[in-house]
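This report refers to the structure that appears directly beneath it.
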Amino acid sequence: MPKPLKRSFFERSTLKVAPELLGKSIVIQSKKRKNKTGLIVEVEAYTNNDPACHAARGKTPRNEVMFGPAGFSYVYFIYGMYFCLNFITEKKDIPGAILIRALEIPDEDNRIASGPGKLCRYLKITKDHNKLDCCNSSSPLIVTESRLLKNDFSIVQSKRIGISQGANFPWRWYIKDNPSVSKP
DNA sequence: GACCGGATCCGT
DNA sequence: CGGATCCGGTCT
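For the first sequence, my numbering gives the first residue as 46, with consecutive numbering after it.
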């Protein structure tokens with residue numbers, strides 16, 4: 046059984062945690078089916094006092110989990126057909142989240158999870174995966190260390206994609222030259 | 001109760 | 001570059 050990253054990993058500054066998620070593994074655990082894994086190759090940070098953050102205007106039913114403890118999932122529905130997956134950072138009551146933008150999937154086409162909507166489609170992540178405690182080893186959704194990618198990659202930092210407010214913050218990180226990044 | 005735009009993706 | 005497709009947030 047894979048060992049999830051500890052809450053203390055997530056319970057830090059969003060801007061520190063985000064690039065450190067690169068190279069980690071997302072694992073979808075199921076008793077009935079074989080586990081599915083994907084390597085995180087692209088992320089974006091959304092922080093407190095960030096106009097692009099869903100929590101920018103305070104707590105609502107949708108973003109409530111962002112005000113809770115770190116290490117939980119935040120999954121939301123967008124454009125009438127896609128879901129996006131985030132992990133919550135920072136201490137309780139301080140909103141912060143990291144959008145997972147692309148995964149490299151072992152033994153699959155490079156582009157099968159090369160975007161936030163595509164990776165949820167591939168992993169069948171829906172609103173049912175919202176508010177899961179990903180630090181609990183029995184959670185259907187966890188993040189683990191990975192042996193597949195070690196430290197032999199370089200990280201590129203750039204502006205975030207697809208937003209208008211806060212568009213100038215350079216809070217997107219991805220693995221250089223990785224073929225599964227959303228916009229290569 | 002209505003309106004509107006969105007942390008996207010795909011085909012043209 | 002436009003269309004798909006629908007929910008949450010905001011205003012009335």
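Beta carbons are placed, not taken as given, at the ideal position from N, Cα and C, and that holds for glycine.
query: Best match in Pro96, Pro215 and Val120 for proximity to Arg205 [C-alpha to C-alpha]; result: Pro215
query: 8 angstroms Cβ cutoff met for Ser191 and Lys81; result: no
query: Three-state secondary structure assigned by DSSP to Tyr91; result: strand
query: Alpha carbon of Lys48 to alpha carbon of Ile150, nearest angstrom; result: 19 angstroms
query: Contact under 8 angstroms by Cβ, Phe128 with Lys77; result: no
query: Candidates Phe122, Ile145 and Ile123, of which the one nearest Asn131 by Cα; result: Ile145
query: Best match in Ala90, Thr105 and Arg52 for proximity to Ala115 [C-alpha to C-alpha]; result: Arg52
query: Backbone secondary structure at Phe214 - three-state DSSP; result: coil
query: Lys61 to Lys79 span [Cα, whole Å]; result: 32 angstroms
query: Reference Gly160; option with closest CA among Asn181, Asn223 and Lys176; result: Asn223
query: Where Thr189 sits in the DSSP three-state scheme; result: strand
query: Between the CA atoms of Ile220 and Ile200 - distance to the nearest angstrom; result: 5 angstroms
query: Contacting residues, own chain, Cβ-Cβ under 6 angstroms from Asn9 (five flanking each side not counted); result: Nothing can be reported for residue 9: it is not among the residues displayed for the chain, which extend from 46 to 229.
query: Alpha helix (DSSP H) segment containing Ala115, residue limits; result: Here Ala115 belongs to no alpha helix (DSSP H), and DSSP marks it neither H nor E.
query: Spatially closest choice to Arg102 from Gly207, Val72 and Pro140, by CA coordinates; result: Pro140
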